[in-house]
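Note that this note's numbering has the sequence shown beginning at 103, numbered continuously upward.
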Amino acid sequence: MTGTLVLILGSAAVGALISSLVNGLFNWRAKKAELERRDMEMALKMAELRHQQLMAVQEWNLKTGQPQPVSFFDPLVTVIDYRDGMEEYRRTGHWKKGEAGHGGAS
Numbered sequence: 103m104t105g106t107l108v109l110i111l112g113s114a115a116v117g118a119l120i121s122s123l124v125n126g127l128f129n130w131r132a133k134k135a136e137l138e139r140r141d142m143e144m145a146l147k148m149a150e151l152r153h154q155q156l157m158a159v160q161e162w163n164l165k166t167g168q169p170q171p172v173s174f175f176d177p178l179v180t181v182i183d184y185r186d187g188m189e190e191y192r193r194t195g196h197w198k199k200g201e202a203g204h205g206g207a208s
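Laid out in C-alpha cells, this is it:
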C-alpha cells in the first residue's frame, strides 16, 4: 500500500513538473511573440513619423522659397533599422546608429 501511494504521489509530482514546464515554455513564447508584435508596431509608427517630418520640412522649404533636394528613403529599410535598433538597445542598453545623431541616420 505504501509503495503504491509513493508511486501515485511521484507520478503526480512528475506530471505537475512537466505540465508546469510546458506551460512556462508556452507563456514565454507567447510573451516573446507579443513583444515582437509591439516592436513592429512601434517601428512602423516611427517610420511613419519620420515620413511626416520629411514631408513637413519639404513643405516648409517650399513655402519659404528655399527648395531643397528631397531625400527619399525606403520605409521597409527604416522599419528594419528601427527593429534592429530596439533589439540592440534591449541587449546592450545602447543604439549606436541612434546615438550617432543626424549624420549617422539616413
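All C-beta atoms, glycine included, are put in the ideal place defined by N, C-alpha and C.
For H153, report the span of its alpha helix (DSSP H) as first-last.
Taking the first residue of the sequence shown as 1, we reach residue 153 at position 51. Segment T104 to K165, the alpha helix (DSSP H) holding H153.
Using a Cβ-Cβ cutoff of less than 7 Å, which residues in the same chain neighbour L111 once the five nearest sequence positions on both sides are dropped?
Indexing the sequence shown from 1 puts residue 111 at position 9. Closer than 7 Å at Cβ, skipping near neighbours: no residue.
DSSP state of D183 mapped onto helix, strand, coil:
Here residue 183 is taken as the residue at index 81 of the sequence shown, counted from 1. Correct three-state label for D183: helix.
The region 142-150 contacting the region 116-126, beta-carbon criterion three pairs below 8 Å
no
I'd like the list of long-range same chain contacts for V181, defined as Cβ closer than 7 Å, with 5 residues on each side in sequence excluded.
Stepping through the sequence shown from its first residue, residue 181 is reached at position 79. Taken in chain order, the residues that qualify are A145, L146 and A149.
Any idea what DSSP makes of P169, helix, strand or coil?
By 1-based counting over the sequence shown, the position of residue 169 is 67. Reduced to three states, the DSSP call for P169 is coil.
Can V172 and Q160 be called in contact, C-beta distance under 7 Å?
One-based indexing of the sequence shown puts residue 172 at position 70. One-based indexing of the sequence shown puts residue 160 at position 58. Contact: yes.
Pairwise C-alpha distance: A202 and L123
Counting from 1 along the sequence shown, the entry for residue 123 is found at position 21. Counting from 1 along the sequence shown, the entry for residue 202 is found at position 100. Rounded to whole angstroms, L123 to A202 spans 43 Å at the Cα level.
If you measure between the beta carbons of W197 and E190, is that distance less than 7 Å?
Within the sequence shown, the letter at position 95 stands for residue 197. Within the sequence shown, the letter at position 88 stands for residue 190. Against a cut-off of 7 Å, the Cβ pair of E190 and W197 comes out as a contact.
Span of the alpha helix (DSSP H) holding G200?
Walking along the sequence shown from the start, residue 200 turns up at place 98. K198 to E201 is the extent of the alpha helix (DSSP H) around G200.
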